[in-house]
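2 protein chains.
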Amino acid sequence: MNDSEYPSKLLENAVAQIATLPGVGRKSALRLVLNLLRRSEAEVLQFSNAFIQLKQEVKYCAKCHNISDTELCNICSDSRRDNTVLCVVENIRDVMSVEATHQFKGLYHVLGGIISPMDGVSPSDLNIDSLQQRIVTEGIKEIIIALSTTMEGDTTAYYLYRRLNPTGVKITTIARGIAIGDELQYADELTLGRSILDRIPFDSINK
Amino acid sequence: MNDSEYPSKLLENAVAQIATLPGVGRKSALRLVLNLLRRSEAEVLQFSNAFIQLKQEVKYCAKCHNISDTELCNICSDSRRDNTVLCVVENIRDVMSVEATHQFKGLYHVLGGIISPMDGVSPSDLNIDSLQQRIVTEGIKEIIIALSTTMEGDTTAYYLYRRLNPTGVKITTIARGIAIGDELQYADELTLGRSILDRIPFDSINK
Numbered sequence: 001m002n003d004s005e006y007p008s009k010l011l012e013n014a015v016a017q018i019a020t021l022p023g024v025g026r027k028s029a030l031r032l033v034l035n036l037l038r039r040s041e042a043e044v045l046q047f048s049n050a051f052i053q054l055k056q057e058v059k060y061c062a063k064c065h066n067i068s069d070t071e072l073c074n075i076c077s078d079s080r081r082d083n084t085v086l087c088v089v090e091n092i093r094d095v096m097s098v099e100a101t102h103q104f105k106g107l108y109h110v111l112g113g114i115i116s117p118m119d120g121v122s123p124s125d126l127n128i129d130s131l132q133q134r135i136v137t138e139g140i141k142e143i144i145i146a147l148s149t150t151m152e153g154d155t156t157a158y159y160l161y162r163r164l165n166p167t168g169v170k171i172t173t174i175a176r177g178i179a180i181g182d183e184l185q186y187a188d189e190l191t192l193g194r195s196i197l198d199r200i201p202f203d204s205i206n207k
Numbered sequence: 208m209n210d211s212e213y214p215s216k217l218l219e220n221a222v223a224q225i226a227t228l229p230g231v232g233r234k235s236a237l238r239l240v241l242n243l244l245r246r247s248e249a250e251v252l253q254f255s256n257a258f259i260q261l262k263q264e265v266k267y268c269a270k271c272h273n274i275s276d277t278e279l280c281n282i283c284s285d286s287r288r289d290n291t292v293l294c295v296v297e298n299i300r301d302v303m304s305v306e307a308t309h310q311f312k313g314l315y316h317v318l319g320g321i322i323s324p325m326d327g328v329s330p331s332d333l334n335i336d337s338l339q340q341r342i343v344t345e346g347i348k349e350i351i352i353a354l355s356t357t358m359e360g361d362t363t364a365y366y367l368y369r370r371l372n373p374t375g376v377k378i379t380t381i382a383r384g385i386a387i388g389d390e391l392q393y394a395d396e397l398t399l400g401r402s403i404l405d406r407i408p409f410d411s412i413n414k
């Protein structure tokens with residue numbers, strides 16, 4: 001056996017590559033590579049080419065910056081949707097999460113991140129200029145800020161509020177409160193306090 | 208949005224491919240693909256080509272069937288190793304596990320699986336003929352059967368014992384007992400019983 005713990009450089013390289021994925025350790029990387037190795041060459045090509053093709057051919061919607069196969073994404077080009085309301089989200093995964101609720105019929109705007117000095121992400125790295133432009137040129141009436149309720153999310157939301165308020169657009173944010181199915185005794189004080197301050201008419205919850 | 212929950216077919220395809228890996232669900236597959244998408248094209252090519260190259264160029268040792276970059280693997284071609292003892296294992300991962308113990312200085316023989324009627328694996332699917340041949344042509348004095356102590360592993364071990372016993376080779380198997388660091392109260396009865404039957408001289412444990 002050579003100095004490495006792997007009997008083959010090719011194997012070692014494949015394990016090292018798959019271990020670059022977040023949350024995949026060396027042990028499970030080896031398991032995954034051996035699983036790939038048991039497949040036919042055609043299957044391995046299909047596997048690997050999916051990522052190359054995605055990277056080389058992916059487009060982002062010219063309007064909302066969502067990932068898309070066409071110049072305008074399916075949401076932006078859907079005439080049945082309300083084009084006066086924008087839901088501002090951090091990334092395309094959040095677009096998918098909001099879409100999965102079937103509760104939003106407006107359009108999106110993907111920031112491409114949130115402000116995070118720790119990670120070196122400043123407002124200029126995000127799609128904020130284009131958001132400001134859209135509000136004016138598309139005649140947007142309301143923007144819903146749908147960011148994580150973390151420190152970075154709140155910072156970004158506050159920054160957006162200050163930047164966009166002068167345009168006169170109505171700015172809202174998603175409700176904070178007790179998650180449906182949660183027990184009160186396990187709710188944190190901040191959230192519980194907020195949910196009392198922001199209490200809603202009882203007959204609105206069944207609508 | 209189209210009928211799919213994904214905004215892009217390319218994205219959907221990449222997620223579907225990575226979700227073919229064992230233990231990777233749809234949600235984490237999306238997370239992994241978005242991580243890949245943030246990398247440069249060169250990095251994605253490096254990632255994907257590692258698996259293609261492994262599949263297209265991988266070799267197996269002509270003697271022991273371990274994965275190898277050369278015709279004979281590093282272990283089989285290492286003259287310092289004892290070429291009269293063979294450790295019989297299920298797969299290349301088990302070679303790596305035994306190597307990591309630094310307790311074995313002989314050679315290996317990789318079966319390429321274990322007998323499992325449930326999975327349609329019969330003795331003829333395994334590298335057993337070549338094992339029998341090696342015992343004769345290489346003048347092997349001992350084979351150590353190092354298979355999992357599961358029903359399939361035991362079945363395979365018993366099959367090997369019956370096939371190889373006529374050659375007159377000494378056949379041993381790895382010790383079963385209480386794992387080092389385990390508490391007796393949590394040991395199962397079979398293992399504990401076995402460890403009493405197979406008790407060893409006390410002064411041998413520190414050797």
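Heads up: the sequence lines are chains P and Y, in that order.
In terms of this note's numbering, the first sequence opens at residue 1 and continues consecutively.
In terms of this note's numbering, the second sequence opens at residue 208 and continues consecutively.
Glycine is no exception: its CB is placed at the ideal position from the N, C-alpha and C atoms.
_Mapping the DSSP letters down to three states, classify P:T172 as helix, strand or coil._
Annotated three-state conformation of P:T172 is strand, per DSSP.
Next on the checklist: With a threshold of 8 angstroms between beta carbons, is P:T101 in contact with chain Y?
Outcome noted: No - not a single Cβ of chain Y is within 8 angstroms of the one on P:T101.
Counting only C-beta atoms, is Y:Q392 closer than 8 angstroms to chain P at any point?
Closer than 8 angstroms: no.
* **Proximal chain Y residues relative to P:C87, where beta-carbon distance stays under 8 angstroms** => Neighbours of P:C87 in chain Y, taken as residues whose beta carbon is under 8 angstroms from its own, are absent, since the nearest beta carbon is some 13 angstroms off.
Whose C-beta lies closer than 8 angstroms to the C-beta of P:N2 among residues of the same chain, with five residues either side of it excluded?
Note on P:N2: pLDDT 43, under 50, position unreliable in the model; no value is reported.
When the Cα of Y:R300 is compared with those of P:L32, P:Y158, P:L164, P:G177, which residue comes out closest? Nearest option by C-alpha distance: P:L32.
Point to revise | Rounded separation between P:T172 and P:S130 - CA only | key: Just so you know, the alpha carbons of P:T172 and P:S130 end up roughly 19 angstroms apart.
Would you please verify whether the beta carbon of P:K63 is less than 8 angstroms from any beta carbon of chain Y? So no, P:K63 is outside the interface.
Three Cβ pairs or more, each shorter than 8 angstroms: is that satisfied between the segment 67-78 of chain P and the segment 277-291 of chain Y?
Not touching, per the Cβ criterion.
key: Closer than 8 angstroms at the beta carbon, the chain P residues around Y:N220   = Simply A50, Q53, L54.
Considering Y:V343, what are the terminal residues of the alpha helix (DSSP H) in which it resides? Boundaries of the alpha helix (DSSP H) harbouring Y:V343: 336-344, taken from the DSSP string.
Cross-chain neighbours of Y:E248 in chain P, by beta carbon under 9 angstroms = Those within 9 angstroms of Y:E248 in chain P are I52, K55, Q56.
P:D182 classed as buried or exposed, judged by whether at least 16 other C-beta atoms fall within 10 angstroms: Around the beta carbon of P:D182, fewer than 16 other beta carbons sit within 10 angstroms, so the residue counts as exposed.
**Message:** Mapping the DSSP letters down to three states, classify Y:I225 as helix, strand or coil.
**Reply:** Annotated three-state conformation of Y:I225 is helix, per DSSP.
Determine whether the Cβ of Y:M208 lies closer than 8 angstroms to any Cβ atom of chain P. Here Y:M208 scores only 39 on pLDDT, less than 50, and its place in the model is too uncertain to base an answer on.
>> I want to know whether the segment 50-69 of chain P touches the segment 285-305 of chain Y - three or more CB-CB distances under 8 angstroms.
In response: Because the criterion of three Cβ pairs below 8 angstroms is not met, the segment 50-69 of chain P and the segment 285-305 of chain Y do not touch.
Which residues in chain Y sit within 8 angstroms of P:P22, going by Cβ to Cβ distance? Neighbourhood of P:P22 in chain Y, by CB distance below 8 angstroms: R238, L239, N242, in chain order.
Fill in: Y:E345, buried or exposed, once every other Cβ within 10 Å from all chains shown has been counted against 16
The C-beta of Y:E345 has fewer than 16 other C-beta atoms within 10 Å across all chains shown, which makes the residue exposed.
_Where the alpha helix (DSSP H) through Y:I299 begins and ends_ = Here the alpha helix (DSSP H) through Y:I299 covers 299-308.
query = Taking 8 angstroms as the CB-CB limit, is P:R162 close to chain Y?
reply = The beta-carbon of P:R162 is placed no less than 8 angstroms from the nearest beta-carbon of chain Y.
For chain A, is any of its Cβ atoms less than 8 angstroms away from the one on Y:L217? Looking at the structure shown, chain A is missing, and the protein chains on hand are P and Y.
* Asked: What residues of chain P sit near Y:N273, judged by a beta carbon separation below 8 angstroms?
  -> For Y:N273, the residues of chain P that pass the 8 angstroms Cβ criterion are P7, in the order they occur in the chain.
Collapsed DSSP secondary structure at P:I114 in the structure displayed:
Coil.
Y:Q224 at chain P interface by Cβ criterion, 8 angstroms
So yes, Y:Q224 belongs to the interface.
Rounded straight-line distance, which links the Cα of Y:G230 to that of P:T155: Roughly 36 angstroms separates the two Cα atoms.
So with CB distances below 9 angstroms, who are the chain P contacts of Y:F311?
Simply none; closest approach about 11 angstroms.
Notebook entry, point to check: On the three-state DSSP scale, how would you describe P:S68?
Noted result: DSSP places P:S68 in strand when its eight states are reduced to three.
Validate contact between the segment 307-327 of chain Y and the segment 291-298 of chain Y using beta carbons, cut 8 angstroms, 3 pairs:
Proximity of the segment 307-327 of chain Y to the segment 291-298 of chain Y meets the contact definition, three or more beta-carbon pairs being nearer than 8 angstroms.
Assign Y:S255 to one of two classes, buried (16 or more other C-beta atoms within 10 Å of its C-beta) or exposed (fewer than that).
It counts as buried.
Quiz item: Can you give the beta carbon distance from Y:I381 to Y:A353, rounded, assuming they're within the 8 angstroms contact cut?
Solution: Y:A353 and Y:I381 do touch by the CB rule: their CB atoms are close to 5 angstroms apart, below 8 angstroms.
_If you reduce the DSSP assignment to three classes, tell me which class Y:L354 lands in._
Y:L354: coil per DSSP, three-state reduction.
Less than 8 angstroms between the beta carbons of Y:N273 and P:P7, yes or no? Their beta carbons are under 8 angstroms apart, which means Y:N273 touches P:P7 by this criterion.
Using the beta-carbon count (16 or more within 10 Å), is P:A100 buried or exposed?
-> Looking at its Cβ environment, which holds fewer than 16 other Cβ atoms inside 10 Å, P:A100 is exposed.
Bridge-paired residues (DSSP) for Y:L293: Y:L293 has Y:L314, Y:I350 as its beta-bridge partners, per DSSP.
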